[in-house]
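Using our numbering, you'd call the opening residue of the sequence shown number 9 and step up by one each time.
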Amino acid sequence: MPFVVVSGLSGSGKSTALRTLEDAGFFITDNLPPELWGAMHDLSVARKLDKVAVSTDARTRDFLGALEDSYIRLSRRREDLHVLFLEANAEVLLKRYNLTRREHPLGESLMVDFARERDLLAPLRAIADTVIDTTPLSAAQLSERVMRLFRLEQEFDLRLMSFGFKHAPPRDADLVVDVRTLPNPYYDPELRPRTGLEADVAGYVFQDQASHDFYNEVRDFVRLAASRAKASGRRGYTVAVGCTGGQHRSVAVTARLAADLADLDAHVTDHRDMKLHEDL
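Here is the structure:
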């Protein structure tokens with residue numbers, strides 16, 4: 009995996025590129041002077057970090073005089089050194105700054121700053137292995153370009169949990185599913201003290217075709233919602249499945265979803281209320 013230097017014009021998407029690399033497991037150091045690239049390399053080797061990216065741009069202008077020597081020294085030690093430079097036209101940069109209301113690091117009028125910054129960073133652009141013009145790109149499109157460039161895979165985490173509505177739904181779920189219409193093992197005295205993780209209890213929940221049909225629709229909708237979240241660039245998605253007490257139906261459905269959606273890396277994070285069954 010290459011040692012990556014990310015640079016470019018202010019407003020061109022450096023933060024998006026760095027977040028993309030960080031989400032892919034890179035250790036990120038922002039605003040690092042070139043003279044410290046070698047030290048960061050040595051530290052990453054000592055700590056056995058195989059994914060490292062640093063950012064150097066106009067904010068480090070007082071240290072860019074050491075750029076050429078620092079680049080040569082590091083490139084001799086890292087054949088996989090990769091410099092990524094981002095740019096965009098002045099009109100688009102101006103629109104982005106007007107949206108964020110940030111101050112340009114050079115601190116004069118924006119159009120003058122953009123021109124000065126291009127000149128200042130010209131040596132970095134000259135050594136870049138890849139230059140991306142982000143003028144026509146959205147943040148999601150730039151993130152996808154960075155992922156393809158470094159042949160990275162976006163990890164996605166589908167988190168499933170069960171709960172009981174009587175104990176209040178979780179506040180941090182992306183999707184809440186109500187399965188209280190399924191057959192309730194609570195009304196069977198032998199099953200009441202048990203949980204939806206047990207085969208007999210799950211069998212009661214899914215005892216007829218109507219229950220299976222309902223579950224299949226729930227499963228397909230959860231798959232659709234999670235797949236769309238993944239396609240939009242989300243790294244994770246949380247689905248909370250609720251019944252009345254969180255002991256039987258929600259637990260059985262959550263466990264079954266985890267098995268059926270394994271291709272989306274679905275896993276159960278918590279059966280939140282399964283232990284709260286004394287007053288079911």
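Note that the Cβ used here is the ideal one computed from N, Cα and C, for glycine as well.
In this text, all values refer to a predicted model and were calculated from it rather than measured experimentally.
First through last residue of the alpha helix (DSSP H) which encompasses residue i
{"i": "SER52", "result": "45–54"}
{"i": "ASP70", "result": "Taken as a continuous stretch (DSSP letters only), ASP70 belongs to no alpha helix (DSSP H), as it is neither H nor E."}
{"i": "THR262", "result": "257–268"}
{"i": "LEU129", "result": "From DSSP, LEU129 is part of no alpha helix (DSSP H); its letter is neither H nor E."}
Host beta strand (DSSP E) of residue i (start-end)
{"i": "ALA61", "result": "60–63"}
{"i": "LEU274", "result": "Here residue 274 is Ala; the residue named in the question, Leu, does not match the sequence. 274–279 is the extent of the beta strand (DSSP E) around ALA274."}
{"i": "SER146", "result": "Segment: none, SER146 is in no beta strand (DSSP E) and carries neither H nor E."}
{"i": "PHE35", "result": "35–37"}
Nearest candidate by alpha-carbon position, reference residue i, set the options
{"i": "ASP141", "options": "ARG153, ILE135 and THR262", "result": "ARG153"}
{"i": "ALA274", "options": "ARG167, ASP208 and LEU72", "result": "ARG167"}
{"i": "ALA25", "options": "SER151, ASP88, GLY253 and PRO177", "result": "SER151"}
{"i": "LEU94", "options": "PRO144, ALA47 and MET119", "result": "PRO144"}
{"i": "VAL13", "options": "GLY19, LEU44 and ALA218", "result": "LEU44"}
{"i": "ARG264", "options": "LEU82, ARG67 and VAL230", "result": "VAL230"}
{"i": "LEU190", "options": "HIS220, SER23 and GLU206", "result": "HIS220"}
{"i": "ASP137", "options": "HIS90, PRO193 and ARG280", "result": "HIS90"}
{"i": "ARG202", "options": "ASP281, LYS103 and ARG81", "result": "ASP281"}
{"i": "LEU17", "options": "GLU198, ALA123 and ASP50", "result": "ALA123"}
{"i": "TYR194", "options": "GLN217, ARG84 and SER258", "result": "SER258"}
{"i": "THR277", "options": "PHE11, ALA148 and ASP180", "result": "ASP180"}
{"i": "ASP31", "options": "LYS174, ALA66 and ALA61", "result": "ALA61"}
{"i": "LEU209", "options": "GLU198, ASP165 and GLY21", "result": "Correcting the residue identity first, residue 209 is Val in this sequence and not Leu. Of the listed residues, the one whose Cα sits closest to VAL209 is GLU198."}
{"i": "VAL100", "options": "GLY254, GLY19 and GLU206", "result": "GLY19"}
{"i": "SER63", "options": "GLY211, ASP77, SER15 and GLU76", "result": "SER15"}
{"i": "GLY244", "options": "PRO41, GLU163 and PRO10", "result": "GLU163"}
{"i": "ASN192", "options": "PHE173, ALA176, TYR212 and PRO178", "result": "TYR212"}
{"i": "SER83", "options": "GLU206, HIS256, HIS49 and PHE34", "result": "HIS49"}
{"i": "ALA148", "options": "ARG27, PHE35, LYS283 and ALA47", "result": "ARG27"}
{"i": "ASP88", "options": "PHE158, GLY241 and GLU76", "result": "PHE158"}
{"i": "ALA311", "options": "GLU76, ALA66, THR252 and ASP65", "result": "This structure leaves residue 311 out entirely; the chain is present only between 9 and 288."}
{"i": "GLU76", "options": "MET119, PHE35, LYS174 and PRO41", "result": "PRO41"}
{"i": "ASP38", "options": "SER52, LEU51, ALA47 and SER23", "result": "SER23"}
{"i": "SER146", "options": "SER240, ASP165 and ARG126", "result": "SER240"}
Coarse secondary structure for residue i, derived from DSSP in three states
{"i": "LEU92", "result": "strand"}
{"i": "LEU166", "result": "strand"}
{"i": "SER83", "result": "helix"}
{"i": "SER23", "result": "helix"}
{"i": "SER18", "result": "coil"}
{"i": "PHE122", "result": "helix"}
{"i": "MET282", "result": "coil"}
{"i": "VAL13", "result": "strand"}
Contact test: residue i Cβ vs the ligand ADP heavy atom, cutoff 8 Å
{"i": "PHE158", "result": "Only the bare structure without any ligand can be found here, which leaves the ligand ADP out of the picture."}
- prompt: Do the stretch 234–252 and the stretch 182–191 touch if we need at least three Cβ pairs shorter than 8 Å?
  reply: yes
query: Okay, do the stretch 226–239 and the stretch 264–277 touch, 3+ Cβ pairs below 8 Å being the bar?
result: yes
- prompt: What are the complete beta strand (DSSP E) segments, minimum 3 residues, inside the stretch 169–254?
  reply: 183–186 and 244–251
query: Would you call the stretch 51–58 and the stretch 69–79 in contact, with 3 or more CB pairs under 8 Å?
result: no
message: Quick check: the stretch 212–227 against the stretch 127–142, are at least 3 beta-carbon pairs closer than 8 Å?
response: no
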